[in-house]
Amino acid sequence: MKFQSSITVANSSATEMVLHLEPWGEQFMMSPTSTLSITAKAEQAGAFEIEHLDNEMIVLAWPSASVEVFSGDVEVDIARTIPISSGS
Numbered sequence: 023m024k025f026q027s028s029i030t031v032a033n034s035s036a037t038e039m040v041l042h043l044e045p046w047g048e049q050f051m052m053s054p055t056s057t058l059s060i061t062a063k064a065e066q067a068g069a070f071e072i073e074h075l076d077n078e079m080i081v082l083a084w085p086s087a088s089v090e091v092f093s094g095d096v097e098v099d100i101a102r103t104i105p106i107s108s109g110s
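Read in order, the letters of the sequence shown correspond to residues 23 to 110 in the working numbering.
This is the structure:
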């Protein structure tokens, strides 16, 4: 794949937070002070879109992206590596 982008999301609050990975609808419970790294690979250039809500965060990948989620060096989401359609 040509393009790659990685982000790290952190729960800096004192309570649990839900991370929503879209467009797959995958959810991850994040304990206080925890972090997750999200890596996307794609044939097309793109960027993550991130929305913050009360005790929730939504991370949206772009069309053609395959996404993997890591906690430290451990992959916690191996099922979301199927590229999403660009819709065209």
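Every residue gets a Cβ at the ideal spot worked out from N, C-alpha and C, and that includes glycine. The structure displayed is predicted, hence computed values, not measured ones.
(message) Contact between the region 23-37 and the region 62-73 is defined here as three or more beta-carbon pairs at a separation below 8 Å; is this criterion met?
(response) yes
(request) Note the first and the last residue of the continuous beta strand (DSSP E) segment covering Ser-86. (result) Start at 1 with the first residue of the sequence shown, and residue 86 comes out as number 64. Taken as a continuous stretch (DSSP letters only), Ser-86 belongs to no beta strand (DSSP E), as it is neither H nor E.
(request) Measure the Cβ-Cβ separation of Ala-32 and Thr-61 and say whether it is below 8 Å. (result) Within the sequence shown, residue 32 is the residue found at index 10, counting from 1. Within the sequence shown, residue 61 is the residue found at index 39, counting from 1. Contact flag unset, no.
(request) Sort out for me which residues DSSP pairs Val-98 with in a bridge. (result) Within the sequence shown, residue 98 is the residue found at index 76, counting from 1. According to DSSP, which records beta bridges pairwise, Val-98 is partnered with nothing at all.
(message) Suppose the cutoff is 8 Å on Cβ atoms and the five residues either side in sequence are ignored; what does the same chain contact list for Ser-53 look like?
(response) As a working note, residue 53 is residue 31 in the sequence shown. Counting only Cβ-Cβ distances below 8 Å, and skipping sequence neighbours, we find Asn-33, Glu-38.
(message) So, for Glu-97: in the same chain, excluding its five sequence neighbours on each side, which residues have a beta-carbon less than 8 Å away from its beta-carbon?
(response) Counted from its first residue, the sequence shown places residue 97 at position 75. Taken in chain order, the residues that qualify are Glu-90, Val-91.
(request) Can you tell me which of the three DSSP states Thr-30 falls into? (result) Taking the sequence shown and counting its residues from 1, the one referred to as residue 30 is at position 8. Looking at Thr-30 - three-state DSSP - the assignment turns out to be strand.
(message) Tell me which residues share the same chain as Trp-84 and place their Cβ nearer than 6 Å to its Cβ, disregarding the 5 neighbours each side in the sequence.
(response) Against the sequence shown, residue 84 aligns to sequence position 62. For Trp-84, where only same-chain residues beyond five positions count, the Cβ hits under 6 Å are Gly-68.
(message) Measuring straight from C-alpha to C-alpha, what distance separates Ala-36 and Thr-55?
(response) Position 14 of the sequence shown, counted from the start, is the residue given in the question as residue 36. Position 33 of the sequence shown, counted from the start, is the residue given in the question as residue 55. Answer to the nearest angstrom: the Cα atoms are 8 Å apart.
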